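So the sequence shown is numbered by this note's numbering: it starts at 100 and just counts up by one.
Comments concern the structure below.
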Amino acid sequence: MMTIKTTNLGFPRLGRKREWKKAIESYWNKKITKEELDSQLQNLHRENLLLQKHYGLDSVPIGDFSLYDHILDTSLLFNIIPERFQGREVNDDLLFDIARGNKENVASALIKWFNTNYHYIVPEWDNVSPKVGKNTLLERFNYAKSLHINAHPVIVGPITFVALSKGGNQSFEDKVRTLLPLYIEVFESLIQAGAELIQVDEPILVTDKSTELEAITQEAYQAFADAEVAQKLIIQTYFERANVKFLSDLPVKGIGLDFVHDHGHNLRQIENGNLDSSKTLFAGVIDGRNVWAADVEAKKALIEKLSQYSDDLYINPSSSLLLVPVSLDDETLDETVRDGLSFATEKLEELAALKNAINNNQTEQYDKLHAQYTRFQSQDFKNLDYDFESVRSQRPSAFSERKVLQQRRLNLPDLPTTTIGSFPQSPEVRKQRADWKNKRITDEAYDTFLNNEIKRWIEIQEEIGLDVFVHGEFERNDMVEFFGEKLQGFLVTRFGWVQSYGSRAVKPPIIYGDVKWTAPLTVKETVYAQSLTDKPVKGMLTGPVTILNWSFERVDIPRATVQDQIALAINEEVLALEKAGIQVIQVDEPALREGLPLRQEFHAAYLEKAVHSFKLATSSVADETQIHTHMCYSQFGQIIHAIHDLDADVISIETSRSHGDLIKDFEDINYDLGIGLGVYDIHSPRIPTEEEITTAIHRALKEIDRSLFWVNPDCGLKTRKEDEVKAALSVLVNSAKKLRQDHIESPQTSA
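The structure is reproduced here in structure tokens:
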């Protein structure tokens, strides 16, 4: 049998204890200098490289490390600078301003990376002058060489880069053609520096767009061949099946395929003779998106089968390990569950064990992993019975009837104002929560602190003049982790952080068993907040689809079953809030769109199940109880009908970063439920002006009935500073009040 090699497609940037996040935020807050930031990040990058070398990778990826986002890095590499930021030196401060916005300019749009919980900064093509700028990819490759590491550069390919972009007057094909000489220049510099492999990520080629992109893809990679750089290129795909024959026929050194999330299609295509055996194959055999340990026995059999079809076989994770936590080393977990887990570092160990077992018949590491996996699989995690049919999954009355009853009860003004849920979590809030979790303060002391913070923010909301309040979620570290800590069937780690966007890290819970509600989760804080005001206070919950999509899901039972288990648990909490007198309950589903499969053939089934689970969680309430939901930073055109089918009384949706693009989605649908289109971007420290918010509202009211429209920020305010929130919300409320007054004074001319 041939000798197999190991590689990786990307490693987490965060660091085991979020060192990356802390360094970058310290720089933003002027606590460290740029030189100190560079030093700290280089040390972390060095650790990542040496760790991968330690596990025997035959080629270590370079270009996965970033100060914010690898797509934004590519934009700056090719001088694709948003017009409003042009004229400045292209450096890291510019990168941060494009990503976050500043006092003068709004940030670039933030969009989900395919169907994951990672977000990229959307490249903007309006009035740009593409050229090769500072070649940080070459710098990092040379740095790896200085550490005596055999590395391969990683860059997003031209087809995917343009597909993820927006703006500009050129056609798609002409944008790609504009970039080709720039890619060639970068490839030539890397090859001259000694690169033997260059990983060119083209995940867009696993989507439904792949067929229409074949002609320009063929043209682009033929141009690379004509420039004599294609002989070093690995065209890498992940997250779904690809057209193996098309990729194999491209004039490149090799191709990369996902053998975990492809539904078995990639292997079947190879078995049917669609792979040129002379091509290098990067085989994604270890799950790069989930945290479950590999069945090394099954993986070994798969690798041995693939080796029959490729003369040069690398094994690697199915995607970049950016999507999983760094290491299990610092976790204190029950061994029965720990045996079944594998974070980024452990996945490198799995690759090493497989390589050693296959190449050298060294099986000690392999046997250990196989024994752990077998022990975990022997556990009984399916031990609860559910009566899904007994829970109502449809509101008894139509929205038009519910709306009348709810307005009679709530007495809300025209263009009611609210927020999405969370308020700023100051260092003191985080310290108190950490002290409580580590038993440094008593339950009573912590409850007193939370109540004081809730009271303070109820008073702030009264002063600003909002119409529907929230309690602020000060007890919650994360909107999914919080529920994972309280629902049966979830495991919450200490350091299982992954990057969501920029410096924002989340700690997804792990669903390992049957899910069950055992006691109220949010009632105490919500009822206390309601006792302080006559204004309605929203109960704040996370919906079943989002909890599942933002958790590491179990894979031993169908996904839809897990989702409905969570829905029943959330339904119990909804009813507990209603019983306690809460009149408005928000069940957030920000991740509904991101879970949409990449292939349209799976869309209808996914959306049907998602809508059913949401309604299972929310339909048992009385008509007078107003159900809200929220979705953020997504592209909604494909799911606009499913959003309507949720039958939520009010939905709030992010639109500010899309600069109004989302409103176009309502032109083709008569949306007849309550809706709030976020009127300012909470991801930026910039304070919106009254004119900007008023303009956003006027534009929305051209498509949406005024009686249905709510005014709100586009997302929760947890990550913002208190003074920013007060100022922005004051502008928001004043804008709504002015529009109400204008409507009263001249109802025929006001929008």
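A virtual CB, placed ideally from N, CA and C, is assigned to each residue, including glycine.
These figures come from a predicted structure and were not determined experimentally.
Taking residue i as the reference, give the member of the options with the closest Cα.
i: K230; options: W212, I369 and V189; result: V189
i: F573; options: S406, K116, N551 and I646; result: N551
i: I742; options: V644, L631 and N107; result: V644
i: P350; options: Q335, D357, Q330 and L366; result: Q330
i: P635; options: S138, L289, K308 and D566; result: D566
i: K554; options: G595, Y600, F498 and L631; result: L631
i: A497; options: S207, L149, I792 and A747; result: A747
i: R199; options: T818, S829, L150 and V673; result: T818
i: I726; options: K615, K502 and I303; result: K502
i: S165; options: I303, L236 and N415; result: L236
i: L647; options: A835, A709, A628 and Q685; result: A709
i: V832; options: L514, I197 and S602; result: L514
i: S264; options: Y282, V227 and S417; result: V227
i: N201; options: R839, E448, E823 and Q840; result: E823
What is the DSSP secondary structure of residue i, reduced to helix, strand or coil?
i: D307; result: helix
i: K714; result: helix
i: E723; result: coil
i: D361; result: coil
i: H144; result: helix
i: A250; result: strand
i: H758; result: Unreliable positioning characterises H758 in this predicted model, as indicated by a pLDDT of 49, which lies under 50. A coordinate reading is not provided.
i: Q330; result: helix
i: E223; result: strand
i: Q587; result: strand
i: T132; result: coil
i: D429; result: coil
i: D687; result: strand
i: A604; result: strand
i: S245; result: helix
i: A850; result: Residue confidence is low: A850 scores 48 on pLDDT, short of 50, so the model does not pin down where it sits. Its coordinate-derived value is still stated next. Here A850 sits in coil by DSSP.
i: S270; result: coil
i: K637; result: strand
i: L209; result: strand
i: K202; result: coil
Are residue i and residue j touching if we call contact CB-CB under 9 Å?
i: F480; j: Y611; result: yes
i: Y667; j: L640; result: For the sequence presented, residue 667 should be read as Leu rather than Tyr. No, the Cβ-Cβ distance between L667 and L640 is not below 9 Å.
i: I563; j: K825; result: yes
i: A243; j: I161; result: yes
i: F651; j: V395; result: no
i: V275; j: L176; result: no
i: A292; j: V159; result: no
i: C731; j: P689; result: yes
i: I254; j: T173; result: yes
i: V597; j: V423; result: yes
i: Q505; j: T728; result: no
i: N459; j: G155; result: no
i: E677; j: A618; result: no
i: T625; j: H570; result: yes
i: W809; j: I774; result: yes
i: R692; j: I738; result: yes
i: L193; j: V490; result: no
i: T855; j: R532; result: This structure leaves residue 855 out entirely; the chain is present only between 100 and 850.
i: L278; j: V305; result: no
i: A397; j: D386; result: no
i: S521; j: R603; result: no
With DSSP as the reference, identify every bridge partner of residue i, one or two as the case may be.
i: D411; result: T379
i: F651; result: I609
i: P643; result: Paired residues: none, contrary to the question.
i: F857; result: No answer is possible for residue 857: the residues shown for the chain start at 100 and end at 850.
i: D300; result: V255 and Q335
Would you say the beta carbon of residue i comes nearer than 8 Å to a heavy atom of the ligand FMN?
i: Y600; result: Looking at this structure, you won't find the ligand FMN or any other ligand, since it has none at all.
* Asked: How do the segment 691-706 and the segment 520-530 stand: do at least 3 beta-carbon pairs fall below 8 Å, yes or no?
  -> With the cut-off at 8 Å, the segment 691-706 and the segment 520-530 do not touch.
* Stretch pair the segment 210-230 + the segment 168-188: three plus CB contacts closer than 8 Å -> The segment 210-230 is in contact with the segment 168-188.
* Asked: For the segment 368-385 against the segment 304-318, are there 3 or more C-beta pairs whose distance is under 8 Å?
  -> Touching, no, given that fewer than three Cβ pairs across the two stretches are closer than 8 Å.
* If we count Cβ pairs, one from each stretch, closer than 8 Å, do we get three or more for the segment 545-559 versus the segment 782-798? -> These segments do not touch.
* Asked: Per the contact definition of three or more C-beta pairs closer than 8 Å, is the segment 337-356 in contact with the segment 320-329?
  -> Yes, the segment 320-329 is in contact with the segment 337-356.
* Asked: Does the segment 431-449 come close enough to the segment 130-146 to have 3 or more Cβ pairs within less than 8 Å?
  -> The answer is no - the segment 130-146 does not touch the segment 431-449, with fewer than three Cβ pairs under 8 Å.
* **the segment 209-216 / the segment 684-700 touching (three or more Cβ pairs under 8 Å)** => Flag = yes, the segment 209-216 and the segment 684-700 touch.
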